[in-house]
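> Here this note's numbering is used: the first residue of the sequence shown is 5, the next is one more, and so on.
Quick reminder that beta carbons are idealized off the backbone N, C-alpha and C, glycines included.
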Amino acid sequence: MEGNLIYDYLVFGSLILGSISVAFYGRFSGPKEKTKNDYAFSSKSNMFTMMLSIARGFLGVRVFLGYPSELYYRGSSMWEILYGMILAYPLVCFFFVPVYYSLSTTSVYQYLDLRFKSRLVRCLASGTYVFRSILNLGVTVFTPCVALKTVIGLPYWASISAIVSISIFFVMMGGLRTAILADVIQLLVMLGCSVVILIQGTITAGGVVNVVNTSYHNDRLDFFNFDMDPTIRVTTVSAIIGQLFMSLSIFGCQQNFVQRYCSMSSQKKVTQTLMANIPIMTLLFSSSWVVGMVIYANYADCDPRALGYITNIDEILPFYVEDKFYFLPGFLGLIMACLFNGAMNLLVSNLNSLAIVMWEDFFFLIPAFKDISEKAQLWFIKALGAVCGLMILGIAFVVAMLSGVIEASMLMTSATSGPLLGVFLLAMFCPPANWKGAALGMITSHAVVMWITFGHLTVERPPIPLLPVSVDGCTNTTFSPNVPPLPHHTDPVWTEDFDIDPVVNPAAHDNDFLTSIYLVTYMYYSLLGTVITVVIGLLVSLVTKSDEDSYDEKLVHPWARKIYKWLPGNKTCFINMEQSQTNPHSVDCEIYKPKTNKI
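(1) Which value, in whole angstroms, describes the spacing of the CA atoms of L351 and I172?
(2) Would you mind stating whether F335 and P148 have Cβ atoms separated by less than 7 Å?
(3) Write down every uninterrupted run of the alpha helix (DSSP H) in the region 127–203 whose length is 4 residues or greater and which is fully enclosed by it, in chain order.
(4) CB I443 to CB L107, shorter than 7 Å?
(5) Does the Cβ-Cβ distance between A390 and R119 come in under 7 Å?
(6) Could you tell me the distance, in whole angstroms, from the CA atom of E319 to the CA atom of A151?
(7) Assuming contact is defined by CB atoms lying nearer than 7 Å, are L139 and A129 in contact in what I supplied?
(8) By Cβ distance, which residues of its chain are closer than 7 Å to R237, with the 5 residues on each side in sequence left out?
(9) Over what stretch of residues does the alpha helix (DSSP H) that includes S365 continue unbroken?
(10) Measuring only the C-alpha atoms, how far is V155 from F146?
(11) Looking only at C-alpha atoms, which of L195, V216, T132, S253 sits nearest to L91?
(12) Quick check: what's the CA-CA separation for N529 versus P485?
(13) Looking only at its own chain, which residues have a Cβ that is under 8 Å from the Cβ of I314, when we skip the five neighbours before and after it?
(14) H493: buried (16+ other C-beta within 10 angstroms of its C-beta) or exposed?
(15) Just to check my reading of the structure: I360 and Q259 have Cβ atoms closer than 8 Å, yes? What is that Cβ distance to the nearest angstrom?
(16) Can you tell which of W455, W570, N438, L158 has the C-alpha that lies nearest to the C-alpha of V547?
(17) Got a sec? Which residues, its chain only, sit under 7 Å from A532 by beta carbon, not counting five neighbours each side?
(18) How many Å lie between I447 and Y522 at the Cα?
(19) Below 6 Å CB to CB, which residues in the same chain sit around T619 once its five sequence neighbours on both sides are set aside?
(20) I need the straight-line Cα distance from I170 to M348, nearest angstrom please.
(21) Let me make sure I understand the geometry here. Which of P94, S242, G157, T479 has the alpha-carbon closest to that of M527?
(22) What's the gap between the Cα of A304 and the Cα of I207?
(23) For a test of the three-state rule: what should DSSP assign to Y313, helix, strand or coil?
(24) Can you tell me where the alpha helix (DSSP H) holding D117 begins and where it ends?
(25) Can the beta-carbon of V487 be found less than 7 Å from the beta-carbon of A310?
(26) Quick one: using the 10 Å Cβ neighbour count with 16 as the cut-off for buried, is H221 buried or exposed?
(27) For a test of the three-state rule: what should DSSP assign to F227, helix, strand or coil?
(28) Run through DSSP, which three-state label would S550 get?
(29) Could you give the first and the last residue of the continuous alpha helix (DSSP H) run that contains H221?
(30) Might you give, ordered along the chain, the residues of its own chain that have their beta carbon closer than 7 Å to the beta carbon of L248, omitting 5 neighbours on each side?
(31) Please state whether DSSP places A304 in a helix, a strand or coil.
(32) Within a Cβ cutoff of 6 Å, which residues of the same chain sit near E605, ignoring the five residues on either side of it in sequence?
(33) Using the Cα positions of W293 and T235, report the straight-line distance between them to the nearest angstrom.
(34) Secondary structure at Y77, three-state DSSP: helix, strand or coil?
(35) Out of L278, I167, S554, V539, state which residue places its alpha-carbon closest to the alpha-carbon of M340.
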């Protein structure tokens with residue numbers, strides 16, 4: 005057992021050193037970074053590499069560690085968010101990418117400034133992205149630290165500091181090209197580990213048929229639940245609607261993804277990459293759930309959590325590897341390194357995007373920074389990335405000390421998706437929308453959804469139910485010698501008196517109106533935020549319409565322009581900037597007053 009632990013440490017350390025080597029390779033191979041555009045974009049990345057990087061950026065560490073435990077203890081309901089993800093890809097291809105690719109902007113939120121001629125709208129959107137990303141990344145950094153402490157015994161402070169320190173090193177060494185290369189290597193390693201677990205687990209569980217039957221007969225495979233009760237954590241309806249709006253916000257309005265689209269050589273290649281990414285995303289996403297099925301089939305009659313071997317449901321995957329792969333020294337270290345590197349690579353990719361957004365949308369707007377050289381801008385952006393890393397370090401330490409912060413951050417991420425998506429929908433598909441409507445729509449949406457979010461956290465609600473587990477089949481040989489015996493058991497005593505979270509569904513008439521709103525699942529928060537932003541934004545824009553609302557026509561989706569021209573009433577002026585430079589009479593407005601960024 006101690007010999008295996010030595011191998012695990014050696015493999016873990018070797019892969020961390022390998023990740024650092026990737027940073028050196030990305031820094032000293034290929035074209036050098038001389039400007040901020042070199043740092044922000046990666047024109048040399050091929051289509052396959054970009055596909056894997058986009059998939060890796062969305063899936064993250066929680067998929068590898070969290071979804072197997074979700075299937076094991078809560079069933080397959082959350083699996084159906086895959087439908088919303090798949091629907092989001094073609095919508096992003098045909099509605100968002102054409103607008104972005106016609107612009108030469110470094111920050112996706114710069115588009116809002118061009119469209120609405122308002123720094124306020126731009127800063128609201130970019131501030132939402134920065135706030136949500138820093139909070140969410142703090143949780144992302146902490147997530148693998150739970151497994152590292154449980155299995156290897158690495159203290160929280162050590163693993164958190166190591167992840168953030170190496171990530172800052174990556175950021176200083178290279179830009180998006182280095183992050184993409186690290187994403188691809190990490191994704192392939194994690195996929196390889198999943199395949200090994202699937203093969204070994206299927207064999208020990210008695211084959212594919214037995215794995216599927218065990219999960220099915222024990223209610224782990226429960227699809228197509230069309231219950232319209234909005235308080236249920238996730239159903240087929242909420243999975244499709246909620247995840248669709250969250251995915252559109254992530255894929256269509258988030259800097260780290262749009263940054264990758266604009267790094268490609270043509271719009272056609274972006275479309276091909278995103279559409280080809282659907283089967284890849286489906287395979288990678290589903291593989292984690294199948295891993296959960298395999299683990300459950302092995303422990304269906306003897307649950308480690310019920311016996312006290314683990315306390316957190318997310319520890320089931322590391323425990324399984326520690327238990328079943330004792331014959332393969334170093335494999336547990338490989339899994340731990342995957343979790344460590346996964347959090348690190350995701351942090352690197354997002355630090356790059358955060359630094360670009362903070363520079364373009366906040367600091368570069370300050371007159372004192374307008375005239376600094378390209379080289380100075382590049383180093384300032386890298387310094388901003390390091391500062392963001394230190395902020396995330398502090399949040400990760402707070403997460404380690406407090407309970408319930410992870411749930412709060414997930415709610416916060418869902419709550420901020422709607423306002424962000426809503427303002428981009430206003431900009432691209434609502435020609436009458438102006439900066440007053442966009443700003444008030446975002447502010448109102450944030451206020452309402454955040455109020456519901458905090459109410460959700462404070463109201464007494466039923467716990468998330470866990471499916472029943474069994475210890476009827478436990479014997480002295482159920483677990484391998486690699487698993488140490490429980491300290492409070494000389495000889496294992498199996499009991500059915502284990503903790504199963506009760507399902508409590510209070511009657512609807514027992515709750516007042518506000519409590520009923522607070523009990524609505526967070527899956528609908530993104531939809532609610534989007535609707536509020538668009539409706540308020542349109543109403544205010546129509547009321548405050550003025551001659552100064554004119555803008556370049558290419559900033560609105562072509563389909564929206566055509567439909568808008570068919571509608572009756574006075575129209576907002578479209579300006580074709582390219583034609584107006586050579587032929588002033590091409591501007592079909594009685595008066596065109598260019599407007600500068602006043603707010």
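To lay it out plainly:
(1) L351 and I172 have their C-alpha atoms roughly 9 Å apart.
(2) No; because the gap between Cβ atoms is not below 7 Å, this pair is not in contact.
(3) The qualifying runs are 160–177.
(4) The displayed chain sequence assigns Ala, not Ile, to residue 443. For the pair A443 and L107, the CB atoms are not nearer than the 7 Å cut-off.
(5) Against a cut-off of 7 Å, the Cβ pair of R119 and A390 comes out as no contact.
(6) Each residue's CA atom was taken as its position, placing E319 and A151 some 6 Å apart.
(7) Contact flag unset, no.
(8) Closer than 7 Å at Cβ, skipping near neighbours: I468, T525.
(9) As written in the sequence, residue 365 is Asp, which differs from the Ser given in the question. Note, D365: alpha helix (DSSP H), 335–365.
(10) C-alpha separation (whole angstroms): 15 Å.
(11) Ranking the options by Cα distance to L91, first place goes to S253.
(12) Per the sequence presented here, residue 529 reads as Tyr, with Asn not at that position. For Y529 and P485, the distance between alpha carbons rounds to 47 Å.
(13) Scanning its chain for C-beta atoms nearer than 8 Å, with the 5 sequence neighbours on each side dropped, one finds around I314 the residues T154, P308, I320, F323, in chain order.
(14) Because the pLDDT at H493 is just 46, under 50, the model does not fix this residue reliably, and the point stays unresolved.
(15) So it is a contact: roughly 7 Å between Cβ atoms.
(16) Minimum Cα-Cα distance from V547 among the listed residues W455, W570, N438, L158 corresponds to N438.
(17) According to the sequence provided, residue 532 is Leu. The question's Ala does not apply to it. Apart from the 5 residues on each side of it in sequence, L532 sits with its Cβ closer than 7 Å to the Cβ of G422, V453 in its chain, given in chain order.
(18) C-alpha separation (whole angstroms): 20 Å.
(19) Examination of residue 619 is not possible in this model, given that the chain is present from 5 through 603 alone.
(20) Between I170 and M348, the C-alpha separation is close to 7 Å.
(21) Of P94, S242, G157, T479, the smallest CA-CA separation from M527 is found for S242.
(22) Rounded to whole angstroms, the gap between the alpha carbons of A304 and I207 is 15 Å.
(23) DSSP, reduced to helix, strand and coil, places Y313 outside both helices and strands of the structure shown, so it counts as coil.
(24) Looking at the DSSP string, the run of the alpha helix (DSSP H) that includes D117 is 114–120.
(25) No Cβ-Cβ contact shorter than 7 Å links V487 with A310.
(26) Sixteen is the threshold: since fewer than 16 other Cβ atoms of the shown chains lie within 10 Å of the Cβ of H221, the residue is exposed.
(27) F227 sits in coil when the DSSP states are folded into three classes, being neither helix nor strand.
(28) Reduced to three states, the DSSP call for S550 is coil.
(29) Taken as a continuous stretch (DSSP letters only), the alpha helix (DSSP H) holding H221 covers 212–221.
(30) Taken in chain order, the residues that qualify are G88, L91, A92.
(31) Coil.
(32) Any question about residue 605 goes unanswered here, given that the chain covers just 5 to 603.
(33) Distance from the CA of W293 to the CA of T235, rounded to the nearest whole angstrom, comes to 24 Å.
(34) Helix, per DSSP.
(35) Of L278, I167, S554, V539, the residue nearest in Cα terms is I167.
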